[in-house]
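Each number in our numbering comes from the position in the sequence shown (counting from 1) with 55 added on. For each residue, glycine too, the CB sits at the ideal point set by N, CA and C. Source: prediction; values computed, not measured.
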Amino acid sequence: MSVSVLIVEDTRSLAALYENYLIPTGVKTTTVGSAEEARNAISQSNFDLVLLDVMLPDGNGIDVLAWINTLPIKPQVIVVTAHGTKELIVESMQLGAVDFVEKPIEADRLRVTVNNALKIKRLEKKVAGYSTHRTENGFCNMVGQSPAMESVYQIIQNAAPSKASVFITGESGTGKELCAEAIHQCSDRKNGNFVALNCAAIPKDLIESEIFGHVKGAFTGATSSRDGAAGQANGGTLFFDEICEMDINLQSKLLRFIQTGSFQKVGGEKLEQVNVRFVCATNRDPWEEVIKGNFREDLYYRLHVVPIHLPPLRQRDDDVVAIADALFRKISNEEGKVYKGLTSGAEALIRNFGWPGNVRQLENTIRNVVVLNQSEFIDETMFPLLRDKADSGQAAPVIPPVSAPPQPQTVPSAQPSYQQPVSQSSPVSNHSHNSLSDTASPTNEFDEVDNPFAQQQVQAMWIIEKRYIEHAIGLCNGNVSRAAGLLEINPSTIYRKMKEWGKSA
Numbered sequence: 056m057s058v059s060v061l062i063v064e065d066t067r068s069l070a071a072l073y074e075n076y077l078i079p080t081g082v083k084t085t086t087v088g089s090a091e092e093a094r095n096a097i098s099q100s101n102f103d104l105v106l107l108d109v110m111l112p113d114g115n116g117i118d119v120l121a122w123i124n125t126l127p128i129k130p131q132v133i134v135v136t137a138h139g140t141k142e143l144i145v146e147s148m149q150l151g152a153v154d155f156v157e158k159p160i161e162a163d164r165l166r167v168t169v170n171n172a173l174k175i176k177r178l179e180k181k182v183a184g185y186s187t188h189r190t191e192n193g194f195c196n197m198v199g200q201s202p203a204m205e206s207v208y209q210i211i212q213n214a215a216p217s218k219a220s221v222f223i224t225g226e227s228g229t230g231k232e233l234c235a236e237a238i239h240q241c242s243d244r245k246n247g248n249f250v251a252l253n254c255a256a257i258p259k260d261l262i263e264s265e266i267f268g269h270v271k272g273a274f275t276g277a278t279s280s281r282d283g284a285a286g287q288a289n290g291g292t293l294f295f296d297e298i299c300e301m302d303i304n305l306q307s308k309l310l311r312f313i314q315t316g317s318f319q320k321v322g323g324e325k326l327e328q329v330n331v332r333f334v335c336a337t338n339r340d341p342w343e344e345v346i347k348g349n350f351r352e353d354l355y356y357r358l359h360v361v362p363i364h365l366p367p368l369r370q371r372d373d374d375v376v377a378i379a380d381a382l383f384r385k386i387s388n389e390e391g392k393v394y395k396g397l398t399s400g401a402e403a404l405i406r407n408f409g410w411p412g413n414v415r416q417l418e419n420t421i422r423n424v425v426v427l428n429q430s431e432f433i434d435e436t437m438f439p440l441l442r443d444k445a446d447s448g449q450a451a452p453v454i455p456p457v458s459a460p461p462q463p464q465t466v467p468s469a470q471p472s473y474q475q476p477v478s479q480s481s482p483v484s485n486h487s488h489n490s491l492s493d494t495a496s497p498t499n500e501f502d503e504v505d506n507p508f509a510q511q512q513v514q515a516m517w518i519i520e521k522r523y524i525e526h527a528i529g530l531c532n533g534n535v536s537r538a539a540g541l542l543e544i545n546p547s548t549i550y551r552k553m554k555e556w557g558k559s560a
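Spelled out as structure tokens, the structure:
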């Protein structure tokens, strides 16, 4: 969007000179020669900046400045005069002028002054937009003020005005759809539709119709024509949730749609054109899916323009208590109950639990508490399931991932000393029952046979990973979910790897 500057100068030669000076800045200039023309122009157009001469044939430029100061949306104003006095400068600044320039004006001086004024204007717009979407305890519908979330809010604010595609990653339950909605609400498309499509929840043979729509008779059961998500999102935002679950064959059609903005309904011949903004999300590592051949590399680059990673709840400091409080208020209102707050014991329990299911798990837990209890104050005794899990060591996953070894090769006879992945002295957590060493009594399962440093040959990464994960599952008495939480990975990841190990065996 071009920047517009109004030049209010009654001397035509000077006005033309100022226009010429500003050509290198790329701004769009409009020139008027009187106070009345200035008021009319400003009333009809939203100028970013006004270059205002003080001495005008039908009035004083300071009077125009005072009038501008009463407007709800004000342009930046630079006052220009041939006879500047301290009193005039002070009055101009008090009325909102951003700068004051005396004639004659050199080209460089004018350009620098205009650029500085426009920088201030851009900053004001940014702050105003950010403040508009700020809430008492978060941003849009997202709750939390931790440093991790503040970084997310900043990316949303910067990316929203753009047309660039946004790729949101994060564990299940971290609020990826809320993030997508926030991007939509902060953009110029906020008055258009926000259309969400869950690629994992739609059968493979129906998802193309859900995206692009279909014509009557396109397939059995298509008794009438129907717009898909693409048509419904025209002028708005199209959100593909769990994008990595999309069938690889359909991804090529989606790529063409993203590139051209055009598509055909299933069974149709007419090429339809829409204007949509693409946002997608996944709980997987999208690049890993590209490497595995599950996700097209060209589609990845088309969608992965602005990446946003949502941190898990366990990495968001005290956000969990603020989110819990907001959810208790919301759900209590839905259930017709009175909620007045959390006790310190309840806050501590909520804060110290690991929440492997993130906000979704937190919301389900809170709904359970609200439905089953009548008290206006929530205490720790109302979370029996949570307390049982915390007591069994499921509070917070803390085991760091195992780093990948180099490619197999013969190594010198000198062997580095081996350290267990987690030791009792390792300061990885402030919680009890949070490490594999706390889960079971010491064993010899992870001895020299599984020690990658105890052998002369470097082992393949998948073998090291397999043995370590199996060791973790063993220490958790076969509980895959518990082991996954401690290893900071999803249980589905372990099951997928176990399937891959079976193929490699």
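According to DSSP, simplified to helix, strand and coil, what is residue i?
i: V535; result: helix
i: K83; result: strand
i: N196; result: coil
i: D103; result: coil
i: A336; result: strand
i: A137; result: coil
i: E327; result: strand
i: R281; result: strand
i: Q514; result: coil
i: T292; result: strand
i: D118; result: helix
i: V145; result: helix
i: T224; result: strand
i: M553; result: helix
i: D108; result: strand
i: S399; result: helix
i: V132; result: strand
i: V169; result: helix
Using 8 Å for Cβ pairs, my map puts residue i next to residue j. What's the rounded Cβ distance?
i: K320; j: V270; result: 5 Å
i: N289; j: V221; result: Not a contact, Cβ separation roughly 18 Å.
i: A152; j: L120; result: 6 Å
i: Y394; j: R384; result: 6 Å
i: P135; j: V169; result: Reading off the sequence, residue 135 comes out as Val, not Pro. Actually they do not touch by this definition, with Cβ atoms about 11 Å apart.
i: V334; j: G286; result: Incorrect: roughly 17 Å between the Cβ atoms, too far for contact.
Hey, quick one: how far does the alpha helix (DSSP H) through residue i stretch, first residue to last?
i: P202; result: 202-214
i: I238; result: 231-240
i: F267; result: 262-267
i: F438; result: Taken as a continuous stretch (DSSP letters only), F438 belongs to no alpha helix (DSSP H), as it is neither H nor E.
i: F383; result: 374-389
i: F312; result: 303-315
i: I346; result: 341-347
i: A70; result: 67-77
For residue i, which of the options has the nearest alpha-carbon?
i: E91; options: A71, G81, V82, I117; result: I117
i: V414; options: N213, F333, S227; result: S227
i: L365; options: V334, V207, R422; result: V207
i: N158; options: T66, R422, I175; result: Note that residue 158 is Lys in the sequence shown, not Asn. Selected option, being the one with the closest Cα: T66.
i: L261; options: G276, V375, L368, D103; result: G276
i: R551; options: I386, M148, K347; result: K347
i: F350; options: I386, A381, L310; result: L310
i: R281; options: G391, L326, F267; result: F267
i: Q99; options: E327, S242, N248, I128; result: I128
i: A401; options: K554, I421, C234; result: I421
i: N115; options: L143, A255, N101, Q131; result: L143
i: G391; options: L427, N419, P411, W410; result: L427
At which residues does the beta strand (DSSP E) containing residue i begin and terminate?
i: H5; result: Nothing in the structure corresponds to residue 5, since the chain is present only between 56 and 560.
i: A251; result: 249-253
i: F155; result: 154-157
i: M62; result: The amino acid at residue 62 is misidentified as Met; the sequence shows Ile. That run of the beta strand (DSSP E) goes 59-63.
Going residue by residue through the stretch 407-435, where are the continuous beta strand (DSSP E) segments of at least 3 residues, counting only ones entirely within it? The qualifying runs do not exist here; there are none.
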